[in-house]
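Residue numbers (the numbering used here), protein chains in the order written: chain H, 29 to 342; chain U, 364 to 469.
This report concerns only the one structure given below.
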């Protein structure tokens, strides 16, 4: 078992006052709160800080912890001395059943058994914690729905009382019409409850994997559609990919670069489906060889009065 | 990420499309007393449809906001007005992030 340096975790000196500890906790809790922070590993850090606070904010638990001595280093192999907690009585203030499951085995070895015994006799129950995770799905999944396997890392206590991270896999149906930023709630798939308490829920936040050519805005899907100068000038019918399959669209003669062609109802499906927009980009055929240069020179002669920069005043 | 044939399939509900939740539904889902949800409505954290508590209708998003409020109050020791401010600022940050992503994609 690894020794945990609660003072180091909280970033305070060993002789810090209770007020200093409270301030340090508030600062770190705000920084790493999983509902607020987007930093990777914020949740693990938040739990660590919560555990350190649980000990240091309680003068009795802190005094017992201090009695272990200042020579221990974080990560060092630790076994509590046999009589380490004699002469202390823990009142258990704030040590709620719901939080207990998340503390480290180091914490459990110091404070856990007494509380476990006390709790066992009462018929304590609490709803399990809700879990949150993000899932990357393809835009195409929103059009037809899909089954995705989600991997979650959950802390679990084994038969020897050790906490280990276990990988948990779930097959989740991604409903048709889902959009980025929406949440899927899976009832009872969070942490197990205590006693007769119900399990928590699992919330999955949906994110679209960036697509090489589609962009999504709310319900609407955009595609940059390259067309040749003659297709734009003369009009043309062409095949265009959409996440729901290839469709044929007609470009009107004289279409300008940047103009949007709307395919109504071909965005992300829903009761009021979004639209699909093809944004025209003019693609030039490669120049360089003599035959191509002749064509471009002819165009220059034909469109002598055309100034593409007229709006820029030059 | 693709599907694994050995596992059972789970279907959930899309929170954002889950509407018509009553006060009782939200209280049950968040495991809180009705008074707490009423306070959140009075503070403007949740804006249900309907005038009286008995006719209030919430969405799945409201339910999620209520659980986040509970956690923020418990873990950070902020009062309800503070929670309301945090949620409002988080919404703004989220909107700005989405805007940055859209601009970077262009």
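Glycine residues also receive a C-beta, built at the ideal position from the N, C-alpha and C atoms.
On a predicted model such as this, the values are computed, not experimentally measured, just so you know.
8 Å Cβ shell around residue i - same chain, five flanking residues per side excluded
i                      : result
residue 326 of chain H : none
residue 274 of chain H : 267, 268
residue 171 of chain H : 204, 271, 272, 296, 297
residue 332 of chain H : none
Chain U within 8 Å of residue i, Cβ atoms only
i                      : result
residue 307 of chain H : no
residue 214 of chain H : yes
residue 147 of chain H : With a pLDDT of only 37 at residue 147 of chain H, under 50, the local geometry of the prediction cannot be trusted, and no value is derived from it.
residue 310 of chain H : no
residue 125 of chain H : Residue placement at residue 125 of chain H is flagged as unreliable, the pLDDT there being 36, under the threshold of 50; the coordinate-derived value follows with that caveat. No, residue 125 of chain H lies away from the interface with chain U (no Cβ there is under 8 Å from its Cβ).
residue 151 of chain H : Caution is warranted here: a pLDDT of 47 is assigned to residue 151 of chain H, below 50, making its placement in the model unreliable, and the coordinate value is therefore given only provisionally. Judged by the 8 Å Cβ criterion, residue 151 of chain H is not in contact with chain U.
residue 240 of chain H : no
residue 210 of chain H : yes
residue 181 of chain H : no
residue 177 of chain H : yes
residue 287 of chain H : no
residue 61 of chain H  : yes
residue 204 of chain H : no
residue 158 of chain H : yes
residue 231 of chain H : yes
residue 85 of chain H  : no
residue 323 of chain H : no
Beta-carbon contacts of residue i that lie in its chain and below 6 Å, excluding the five residues immediately before and after
i                      : result
residue 239 of chain H : 167
residue 32 of chain H  : 134
residue 160 of chain H : 231
residue 196 of chain H : 180, 182
residue 216 of chain H : 227
residue 233 of chain H : 162, 211
CB contact check: residue i to chain H, cutoff 8 Å
i                      : result
residue 430 of chain U : yes
residue 454 of chain U : no
residue 423 of chain U : yes
residue 418 of chain U : no
residue 448 of chain U : no
residue 462 of chain U : no
residue 377 of chain U : yes
residue 444 of chain U : no
residue 370 of chain U : yes
residue 388 of chain U : no
residue 384 of chain U : no
Whole-number beta carbon distance between residue j and residue i, since they are thought to touch under 8 Å
i                      : j                      : result
residue 397 of chain U : residue 386 of chain U : 6 Å
residue 257 of chain H : residue 312 of chain H : 7 Å
residue 435 of chain U : residue 446 of chain U : 5 Å
residue 58 of chain H  : residue 439 of chain U : 6 Å
residue 406 of chain U : residue 444 of chain U : 6 Å
Check whether residue i and residue j have beta carbons under 8 Å apart
i                      : j                      : result
residue 174 of chain H : residue 212 of chain H : no
residue 378 of chain U : residue 426 of chain U : yes
residue 328 of chain H : residue 310 of chain H : no
residue 362 of chain H : residue 282 of chain H : Summary: the structure shown does not reach residue 362 of chain H, with chain H confined to residues 29 through 342, and so no result is reported for it.
residue 306 of chain H : residue 277 of chain H : yes
residue 422 of chain U : residue 381 of chain U : yes
residue 156 of chain H : residue 225 of chain H : yes
residue 214 of chain H : residue 370 of chain U : no
residue 308 of chain H : residue 253 of chain H : yes
residue 403 of chain U : residue 432 of chain U : yes
Which listed residue (the options) has its alpha carbon closest to that of residue i
i                      : options                    : result
residue 308 of chain U : U:461, U:394, U:416        : The displayed coordinates of chain U run from 364 to 469. Any statement about residue 308 of chain U would go beyond what the structure contains.
residue 245 of chain H : H:53, H:52, H:137, H:304   : H:304
residue 354 of chain U : H:243, H:44, H:58          : Any property of residue 354 of chain U remains undetermined from this structure, which presents chain U solely from 364 to 469.
residue 37 of chain H  : H:82, H:193, H:336, H:320  : H:82
residue 65 of chain H  : U:466, U:464, U:449, U:419 : U:449
residue 136 of chain H : H:249, H:222, H:79         : H:79
residue 229 of chain H : U:376, U:459, U:456        : U:376
residue 219 of chain H : H:158, H:169, H:74         : H:158
residue 132 of chain H : H:178, H:86, H:74          : H:74
residue 84 of chain H  : H:222, H:35, H:233, H:55   : H:35
residue 441 of chain U : H:91, H:54, H:222          : H:54
residue 412 of chain U : U:370, U:431, U:420        : U:420
residue 208 of chain H : H:193, H:72, H:336, H:249  : H:249
residue 237 of chain H : H:91, H:169, H:289         : H:169
residue 95 of chain H  : H:42, H:324, H:322, H:261  : H:42
residue 287 of chain H : H:255, H:335, H:299        : H:255
residue 20 of chain H  : H:206, H:235, H:316, H:260 : No information on residue 20 of chain H is available, as it lies outside the stretch 29 to 342 that chain H covers here.
residue 56 of chain H  : H:44, H:76, H:265          : H:76
residue 44 of chain H  : H:87, H:315, H:30, H:72    : H:87
residue 46 of chain H  : H:91, H:317, H:337, H:72   : H:91
Cβ of residue i within 8 Å of any chain C Cβ
i                      : result
residue 434 of chain U : Among the protein chains in the structure shown, which are H and U, there is no chain C.
Close beta carbons around residue i, own chain, < 7 Å, minus the five adjacent residues each side
i                      : result
residue 280 of chain H : 263
residue 176 of chain H : 163, 165, 200, 202
residue 40 of chain H  : 48, 49, 52
residue 70 of chain H  : 60, 62
residue 401 of chain U : 416
residue 389 of chain U : 400, 421, 425, 426, 429
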